[in-house]
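There are 4 protein chains.
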Amino acid sequence: MTRHRFTPTHYFTTIGSHDPVLRIAPGDSVQTTTVDAWGFDASNTQVVQPPNPMTGPFDVEGAQPGDTLVVRLDRLTPNRDSGWGRPGLATNVVDPDFVPTLPSRDDLLHWHIDVAAETASLRDAEPKLGSFSLPLHPMLGCFGVAPLDGQAISTATSGEHGGNMDYNGFVQGVTVYFPVFVLGALFHLGDGHALQGDGEMSGTGIETSFDVEFTVDLIKGKRIGWPRGENATHIFAAGNARPLDQATQHATTEMVRWLQADYGLSMREANIVIGYCVEYDLGNMFDPAYTMICKIAKRWLSNR
Amino acid sequence: MTRHRFTPTHYFTTIGSHDPVLRIAPGDSVQTTTVDAWGFDASNTQVVQPPNPMTGPFDVEGAQPGDTLVVRLDRLTPNRDSGWGRPGLATNVVDPDFVPTLPSRDDLLHWHIDVAAETASLRDAEPKLGSFSLPLHPMLGCFGVAPLDGQAISTATSGEHGGNMDYNGFVQGVTVYFPVFVLGALFHLGDGHALQGDGEMSGTGIETSFDVEFTVDLIKGKRIGWPRGENATHIFAAGNARPLDQATQHATTEMVRWLQADYGLSMREANIVIGYCVEYDLGNMFDPAYTMICKIAKRWLSNR
Amino acid sequence: MTRHRFTPTHYFTTIGSHDPVLRIAPGDSVQTTTVDAWGFDASNTQVVQPPNPMTGPFDVEGAQPGDTLVVRLDRLTPNRDSGWGRPGLATNVVDPDFVPTLPSRDDLLHWHIDVAAETASLRDAEPKLGSFSLPLHPMLGCFGVAPLDGQAISTATSGEHGGNMDYNGFVQGVTVYFPVFVLGALFHLGDGHALQGDGEMSGTGIETSFDVEFTVDLIKGKRIGWPRGENATHIFAAGNARPLDQATQHATTEMVRWLQADYGLSMREANIVIGYCVEYDLGNMFDPAYTMICKIAKRWLSNR
Amino acid sequence: MTRHRFTPTHYFTTIGSHDPVLRIAPGDSVQTTTVDAWGFDASNTQVVQPPNPMTGPFDVEGAQPGDTLVVRLDRLTPNRDSGWGRPGLATNVVDPDFVPTLPSRDDLLHWHIDVAAETASLRDAEPKLGSFSLPLHPMLGCFGVAPLDGQAISTATSGEHGGNMDYNGFVQGVTVYFPVFVLGALFHLGDGHALQGDGEMSGTGIETSFDVEFTVDLIKGKRIGWPRGENATHIFAAGNARPLDQATQHATTEMVRWLQADYGLSMREANIVIGYCVEYDLGNMFDPAYTMICKIAKRWLSNR
């Protein structure tokens, strides 16, 4: 149950079977930092090239293919007072005929982050929106484990291994589950957002660097198919693919399997729970693979 | 401001330029009933063939192409104590390889509806779920106005005119806006659900007959592109198409236009609000056209 | 075996259960004309509003739901020396980021049609392409039968009933099969193209008016799911939907059924023939529903 | 202009920045062999694990990011007399409701390959199809260059770097162009098919091992976006993505750029050529990324 403190000296822009930076044991915690999507750190200095440089990977003792890695996000806090994002929506999220009217994708929007006040506000006021102060909602955009077959997958995209899911439900307090594909699991993390709209429709959240603390655990011999999560009220499964239809199919199939394996429901019952109680969140509709989240409230699953 | 009471004697399974059943004026209310998706009424008698037979159409005095029809859903109440749905998920919402494991699509699930207790429960208990009592959440699955160019569109699907959107946010208290395509708008409604999961993933909600009251109004000369809605906390736009990506593009584009036209935002500001504050709901992923909902909380739009 | 000569006096922009203009018997032929996509006739006069006005419908004696209507395209000939189209590609067929660079959708491209020489050439030469003379390849863009359930479906789109499939394989000499949904089948036709690239990527072919002759027949009690066709070398099935993936699923499923029902193949054999011998054509990727064509060369089906 | 003879001793199941097996110069040819999709060699012995083990990579002297690698496929010949494939269609290529009727995905279909006779025939006759002898049409299913940013991408899928495109137009005599992302380009190849239907709808062609000869060249400073090809009659561009709509957008956009850069056409002219003359082929609709091919016949591009 060691509490490690780790200061990164290099980063990766793929999630793969890279040499681990630290070996940790199930039950251990790690305090570390992440740089923003373009590699800028707490001092707003670019220390590495984009996209989405990852802290890690962390080698989890005893993790083997076919296990499940458990990662509890204990703390996610912006560690500088500035963040950036795009003002304009991405070209793929509006009607094709509407694309020429969008604001330039070259512009940047600068935000002031006030961790004490728990807000992010525009540094330069807009005519009508003013400083447009929004509540902080820090989340991890990109994190996951080394994928199957020696692949090294760009941190611009996502898959069964996790990656750039850009889902605003991956916040402090959430427990995340990943399928383990390689010895040691090799956990990577980065791409913090001070906040983000559903779907990351402008292709960015408010991108900034983070202080992070997380705790790992292992479920030996438990094989899952896609990243899963759990918070105080819900369990949820992520599907990563294009189009959104396929992402939704992956997430829904994973949830059926979960309800059967861990909640003792028959196939028919698992179908009923999803058919009448399911909720969906749009993770992102910007990255090469889109992310849909299939959620079930825990109250429909307890005492039954 | 007349309050009409209308008892339907026939129904339509397309939304089109049918002879109106009643002429009403802006400001008028109508108390009426709807049959369930298979044409069963309050006495659980089949009075018409499926799919989704519509009450109406109602001719709104003064409505012309280029106007917006306003429909406030004043009351949506199941008017019998039974409803039905499918136990199994639809074949298009899970991974193709998983389809052969799904429960049969021929089975029916029977629900007991208790309006006083505000619950729906399984008539036959399942081994693990038991009677699985859920809170009532009555909503209209299919409603809309006669479409463009003399089309008569099946109530199995949806489009710019509304139709079978199967979104569980169309509940009592919501105000809905439709583009007017023909003289009199010709408003149709039906397909009540006692409740429904996001996406209508089993292809049904809890299907039942309703007592309905609604109030109409007109916004002359205001041209909108897709159905819109408003509740106490949010404004939202519906996009209806396949795949979900295109439905999302339609809904998002409509929201940009709305924010510009009615909230005085510049194109850039409308993009910023969506980029950092938007929420999406999955209406349905079962019908020939899927439905995505683009929502903005009103708190981001006021006092600015 | 009557050979009818029919001169249209009015047209429809939906395919539906309209009053028939002529009753014909199985075995009969009809000589008639079609106007172009914008309603311009042989004298280049606009006689009706767009989109894609239909000649017909023709009531086929004895046709009942569950039958198959057979339509042989005996003759398709442009009946004027001009046609028009768009110069620019549609916004939905290129990468979203590329859309702002496309030529304006408001421009028109004028073509000179020379039936004797069997060419179409640009009326105004382009700097590098010159007059860009192309071989005539006359085809019907939109034709089909009245759909199910009293629907009237816009001639801008397509479905199980046929409609605006815009496939350049529907040429003179081809035999087309449609499922019959209503008494008399109610066959509509129009939207001739002097030629068209695969996919109708600019949203038009070379749009012009046609002299047409076709012969109808019936296959009683034969139920098919989607439009099918046959030429000297191939049989083919059309699937109409978005995205192209779904259109391809429809066309492929229809072909499996065809090979089983009419060629005596087992399910396994039908799968093998498609798996190793199939060809696909892109009908259109512009209309609300896209069209994919699943083709099998007859030589793989004979003498077996 | 060396003609290398290379005998592989190991293989890769990702395409990435692996240590090269041979350094070659522009103009050089390589005679080598490839194993089948499951790693079986000319003697039908499994020498490596699936999927799609690659021969190579070959380091091309002088190749730098921003260049184009030219690969002429001089010879593609099955080097054993057996091949295998699936009898049943993939679950994603038919209507979801139809999936449960498909033949088992566990079955294998064994083919006898006769290079002299240029045929492939079923080893075990089917009741109606008999031995179903088909003309050999040897093609490379998977080949490409190391991708951007240190990625190692599974040979099960494809991207801008090429990979598992499974297009039956990549045959002997074709010249293929790849964007260069890393020093030396690092060319990989494998996954020979004795023949394949359009779209690889059963998820396999006739999988076998090959004798291969290819010649490389470089176009310095020419930056392309996607794999391109050229045969005696056509130029073509490949787009790799899901859904097919996006693959088609990539391929079409790449073709517009090609026509402008290399054929001197204006944007408007490039649009016209595609709009009225384009052809599309379905590469594959099975792999994680689907492949669409946008083709232009050379006769529309010459002497203008």
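Chains as they are written, first to last, in this note's numbering: chain A, 2 to 305; chain B, 2 to 305; chain C, 2 to 305; chain D, 2 to 305. Note that CB positions come from ideal geometry on N, CA and C, so glycine has one too.
List the residues of chain C whose Cβ lies closer than 8 Å to the Cβ of residue i, in chain order.
| i | result |
| --- | --- |
| R106(B) | Result: empty, since nearest Cβ-Cβ is about 16 Å, beyond 8 Å. |
Less than 9 Å between CB atoms is the rule here; does residue i satisfy it with respect to chain B?
| i | result |
| --- | --- |
| T158(D) | no |
| A91(D) | yes |
| R24(C) | no |
| P97(D) | yes |
| P228(C) | no |
| P9(C) | no |
| D68(A) | no |
| M202(A) | yes |
| Y264(A) | yes |
Of the choices the options, whose alpha-carbon is the least far from that of residue i?
| i | options | result |
| --- | --- | --- |
| G198(A) | G284(A), D108(A), I25(A) and H11(A) | G284(A) |
| T56(C) | V94(C), P228(C), A64(C) and R6(C) | R6(C) |
| H111(A) | E231(A), D96(A) and G89(A) | G89(A) |
| G17(A) | K221(A), L184(A), W227(A) and T209(A) | L184(A) |
| F237(A) | P244(A), T34(A) and F179(A) | F179(A) |
| S303(C) | A290(C), I294(C) and G265(C) | G265(C) |
| D263(D) | A239(D), K223(D) and V279(D) | K223(D) |
| P54(B) | T15(B), D167(B), S83(B) and S44(B) | T15(B) |
| K299(C) | Y291(C), A290(C), T292(C) and E280(C) | E280(C) |
| F171(D) | V217(D), T205(D) and P228(D) | P228(D) |
| A126(D) | S203(D), L137(D), P66(D) and H113(D) | H113(D) |
| L23(C) | V146(C), V257(C) and P58(C) | P58(C) |
| D37(A) | M202(A), E62(A) and D192(A) | D192(A) |
| W39(A) | Q32(A), C143(A), S83(A) and Q50(A) | Q50(A) |
| H189(C) | T8(C), T3(C) and P21(C) | P21(C) |
| L130(B) | I273(A), P101(A) and A290(A) | I273(A) |
| E201(C) | V48(C), T92(C) and F287(C) | F287(C) |
Got a sec: does the ligand COA put a non-hydrogen atom nearer than 8 Å to the Cβ of residue i?
| i | result |
| --- | --- |
| F99(B) | What this structure holds is no ligand at all, so the ligand COA is not there to describe. |
Listing by chain order, which chain E residues have their CB less than 7 Å from the CB of residue i?
| i | result |
| --- | --- |
| D150(A) | No chain E appears in this structure, whose protein chains are A, B, C and D. |
Within 9 Å of any Cβ in chain C, is that where the Cβ of residue i sits?
| i | result |
| --- | --- |
| I101(A) | Going by the sequence as given, residue 101(A) is Pro instead of Ile. So, interface residue. |
| F133(D) | yes |
What in chain B is Cβ-close to residue i, meaning under 9 Å?
| i | result |
| --- | --- |
| P244(D) | P244 and D246 |
| E161(A) | In chain order: nothing, as chain B lies at least about 12 Å away. |
Using the beta-carbon of each residue, which ones in chain B are nearer than 8 Å to residue i?
| i | result |
| --- | --- |
| V257(A) | L90, V95 and F99 |
| R87(A) | G276 |
Do we get a CB-CB distance below 9 Å when we pair residue i with the residues of chain A?
| i | result |
| --- | --- |
| P21(D) | no |
| D282(B) | yes |
| P58(D) | no |
| P52(D) | yes |
Along chain D, in chain order, which residues have C-beta atoms closer than 8 Å to that of residue i?
| i | result |
| --- | --- |
| L137(C) | Going along chain D, no residue has its Cβ under 8 Å from L137(C), so there is no contact; the nearest lies around 12 Å. |
Can you list the residues of chain C that residue i reaches, using a CB-CB cut of under 7 Å?
| i | result |
| --- | --- |
| Q250(D) | V94, V95 and D96 |
Closer than 7 Å by beta-carbon distance: list the chain D residues that pair up with residue i, in chain order.
| i | result |
| --- | --- |
| F237(C) | Near F237(C) there are no residues of chain D at all, since even the closest Cβ is about 12 Å away, more than 7 Å. |
| D199(C) | V279, E280 and Y281 |
Say whether chain D places a C-beta atom closer than 9 Å to the C-beta of residue i.
| i | result |
| --- | --- |
| N272(C) | yes |
| G276(C) | yes |
Under 8 Å between beta-carbons, which chain A residues line up against residue i? List them in chain order, please.
| i | result |
| --- | --- |
| P128(B) | S267 and E270 |
| M286(B) | D246 and T249 |
The segment 142–160 of chain B / the segment 149–162 of chain C touching (three or more Cβ pairs under 8 Å): yes
Segment contact, 8 Å Cβ cut-off, at least three pairs: the segment 240–254 of chain C with the segment 244–251 of chain D: yes
The segment 170–179 of chain B / the segment 87–105 of chain B touching (three or more Cβ pairs under 8 Å): Between the segment 170–179 of chain B and the segment 87–105 of chain B, the count of Cβ pairs shorter than 8 Å is below three; the stretches do not touch.
Sufficient close CB pairs (3 or more, under 8 Å) joining the segment 206–213 of chain A to the segment 68–87 of chain A: yes
Length at least 3, wholly inside the segment 16–40 of chain A: the beta strand (DSSP E) runs in chain order: 23–25 and 30–35
Complete alpha helix (DSSP H) runs within the segment 183–238 of chain B (minimum length 4 residues, chain order): none
Unbroken stretches of the beta strand (DSSP E), 3 residues or longer, contained in the segment 111–139 of chain B: The beta strand (DSSP E) runs of length 3 or more contained entirely in the segment 111–139 of chain B are, from start to end of the chain, 120–123.
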